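Notes follow once the structure below has been shown.
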Amino acid sequence: MQEEHRLILMLARFVDLVRKDDEGTEERREALDAVTEHADRQSSTIRFEDGRLSVEGLGAPQDVPFVRTFIRLLESHGLAEIRIAFRAAPIDILHLARTLTDPVGGTTVRDRLHKVQATTVTVWTTKEVEAAKIRRQERVSSAILGINESLTDQEGMTGTQTAAQKGLPPDFVPAQAGAAYGQMLELEKASSTTLAAAVRRLRGHPDGAELSKGLNAAAAGVTRAVREKRAPEAIDALIAVIHQEEEEKHEDIRLRYGVALRRVLQTEVLTPLIEYLLDPLYAKDVALIMKRAGDRGTQILLDLLVEAPTFAERRAYMQALEHAEAGTEMLVGMLDHHEWFVVRNVSDLIGEMQIQDAVPALGRAAEHSDSRVRLSAGLALAKIGTPLAMKFLGKLLRDEEPAVRSGIVKHVKGTGLGALAMPLVNAASVEDVEEIECEIYRALGRIGSKNAVEALLKVAEPVGMLKARRVAAQRVAAVEGLASAGTDRAVQALRELKDDRDKGVRSAAQEALGRLRSDTVD
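Numbering that gives the first Met the number 0 applies: residue 0 is where the sequence shown begins, and numbers increase by one.
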């Protein structure tokens, strides 16, 4: 059972016990302990949308009695999302369960949690989530309309007002959500485009003194917007400054933009923007801002990556760091960190960035005492693919942990890994787990080099009756590898094997040829 599924089952069970008022029972204490222990390992986001329940984006089982009850409680309170923070307090989890089981009406679940000062568990209603989506849609709509208005102005035409400027919801807002949208706009009277529009008016400004004055005002506005928790407005303005700096052809003016950015891109401004990396609408903009912040932005992202409790957060930070031009040395140095999860997270990132200078440090990580670190180091080495990386990877293919060996070979692919063919062949010859041995042959096919195909031919060739049953699975895996390779020599071998005496090999070869013919026609 996946960890996310365990959480929803444990939480639903605990809520059910609270609903039944089983206070003080051993079963209830154990249920609360189970949820708390999960929170001690990572944060979690539970979403309920379109009748489906998910945890960290993974669909949760819904046919269990107390989970069905949990869903009914969410529906009755109009909840769309529950966020349980990393190391959430047990008392806050208890307060959540109690508020969910309270009668509907009067104060909301959020108000009740606020009243008891629960800070590590938060909830969002369906209306709030819908309003937030609409607000993001309006941001996109305004940006498109801004481009259109810019074009029409150039043609001497008069632009039209946006729906928001008229105080009306845009056309795509459902009627039933109009009130929620209006409340959202009321809370954001300072439109997210106001500060950015002021920055854009500075484009091509001929007066250096006035430009500096305007940029100073923009920098102050960004800082104020962040302090007042109007991060989207700050993001829009910073992106406008960065783009105008990139587009500016005059060195002196570009220098003024650079000075303004260095002044404003400080930790107090950057840190509150990080949460927007998890929002698809803002992720690319925030990543660009962090990249422009140089070493400071990289260090903030690295610090967060170190502590990231969920895969979603690690992925967001890693994607932002992939575009960072500064801080490579800092990143490589973290491979010697004393915490295993830091080395694992950094190994994952280095693999995505394919940093060749990190190979020696990855080689040391490949000997780490924690198998999870060795697996991440191995995957990174496979993605980098240099001869030295292959040397270290060859050792990991004989790792004592089957999960490490299996995890690595399942991710091996690409013609650039031809140097790994012989280490894989050697690993297969000593592998004692049939499933892993078969995956090695599939990996050889994904590499598809001449040496890899030759090795597969030897495994796939017919054998005597006494050996046939013992090697049937390996031969089928080799056929699948030949199909992945798809070279002329591999296709020739598949034609010879389509009439093989072994039914499994024969079927696999025929299926592979049919698929290759279909791909050729397409």
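Every residue, glycine too, gets a C-beta built ideally from N, C-alpha and C.
Being a predicted model, the structure only gives us computed values, none of them experimental.
Residues that DSSP places opposite residue i in a beta bridge
i      : result
Trp123 : Glu80
Gly58  : Ser53
Phe47  : Leu52
Secondary structure of residue i, DSSP reduced to three states
i      : result
Ala365 : coil
Ala88  : coil
Pro401 : helix
Gln41  : coil
Ile354 : coil
Gln491 : helix
Gln265 : coil
Gln116 : coil
Arg5   : helix
Leu260 : helix
Pro279 : coil
Thr107 : coil
Arg200 : coil
His336 : coil
Gly415 : helix
Lys165 : In this prediction, Lys165 scores a pLDDT of 46, lower than 50, which makes its location untrustworthy; the coordinate-derived value is nonetheless stated afterwards. Coil at Lys165, not helix or strand.
Thr222 : helix
Leu465 : At Leu465, the pLDDT of 47 sits below 50, so the modelled position is not reliable; the number obtained from the coordinates is stated separately. It is helical.
Leu396 : coil
Glu232 : helix
Thr297 : helix
Gly384 : coil
Val432 : coil
Arg441 : helix
Ala379 : helix
Lys248 : coil
Straight-line gap, residue i to residue j (C-alpha atoms, nearest Å)
i      : j      : result
Leu8   : Ala59  : 9 Å
Gly77  : Ala230 : 27 Å
Ile349 : Ala323 : 12 Å
Val504 : Arg474 : 7 Å
Lys497 : Gln353 : 40 Å
Arg516 : Thr486 : 13 Å
Gly56  : Glu267 : 31 Å
Val115 : His94  : 8 Å
Gly296 : Gly447 : 40 Å
Val17  : Leu276 : 36 Å
His249 : Ile241 : 15 Å
Val458 : Ala492 : 12 Å
Glu232 : Val221 : 8 Å
Phe69  : Asp15  : 7 Å
Ser75  : Val103 : 7 Å
Gln41  : Gly480 : 38 Å
Ile288 : Ile238 : 7 Å
Asp369 : Arg67  : 39 Å
Arg500 : Leu395 : 36 Å
Leu387 : Ser405 : 21 Å
Pro168 : Val128 : In this predicted model, Pro168 has a pLDDT of only 49, less than 50, meaning its place in the structure is not dependable enough to derive any value.
Thr119 : Phe85  : 8 Å
His113 : Glu26  : 28 Å
Glu455 : Ala508 : Checking the displayed sequence, the identity of residue 455 turns out to be Leu instead of Glu. Near 13 Å, if we compare the C-alpha coordinates of Ala508 and Leu455.
Lys19  : Ile273 : 41 Å
Beta-carbon proximity check, residue i vs residue j, cutoff 7 Å
i      : j      : result
Pro422 : Gly377 : no
Ala420 : Asn450 : yes
Val122 : Ile81  : yes
Gly292 : Asp235 : First, the amino acid is wrong: residue 292 is Ala here, not Gly. No, they are not a contact pair.
Ala365 : Phe391 : yes
Glu436 : Ala442 : no
Ile299 : Leu269 : yes
Ala30  : Ala87  : no
Thr125 : Ala96  : no
Val403 : Arg373 : yes
Pro271 : Val198 : no
Arg543 : Gln265 : Past the boundaries of the shown model lies residue 543; the chain is included only from 0 to 521, so the question cannot be answered.
Arg12  : Phe65  : yes
Cβ separation of residue i and residue j, assumed to be a contact under 8 Å, to the nearest whole Å
i      : j      : result
Glu351 : Glu306 : So it is not a contact: roughly 19 Å between Cβ atoms.
Arg397 : Ser375 : Actually they do not touch by this definition, with Cβ atoms about 18 Å apart.
Ala282 : Leu214 : Going by Cβ atoms, the distance from Ala282 to Leu214 rounds to 26 Å, so no, they are not a contact pair.
Asp347 : Met389 : That pair is no contact at about 19 Å.
Glu433 : Ala472 : 6 Å
His410 : Ala381 : 6 Å
Val408 : Glu438 : 5 Å
Ser43  : Leu72  : The pair is not a contact, with the Cβ atoms about 17 Å apart (cut-off 8 Å).
Asp91  : Ala117 : 4 Å
Met333 : Leu303 : Actually they do not touch by this definition, with Cβ atoms about 13 Å apart.
Check: residue i C-beta below 6 Å from any heavy atom of the ligand MG
i      : result
Leu320 : Annotation note on the ligand MG: not contained in the displayed structure, which lists no ligands.
Any C-beta of chain C under 7 Å from that of residue i
i      : result
Pro231 : This model lacks chain C altogether; it includes just one protein chain.
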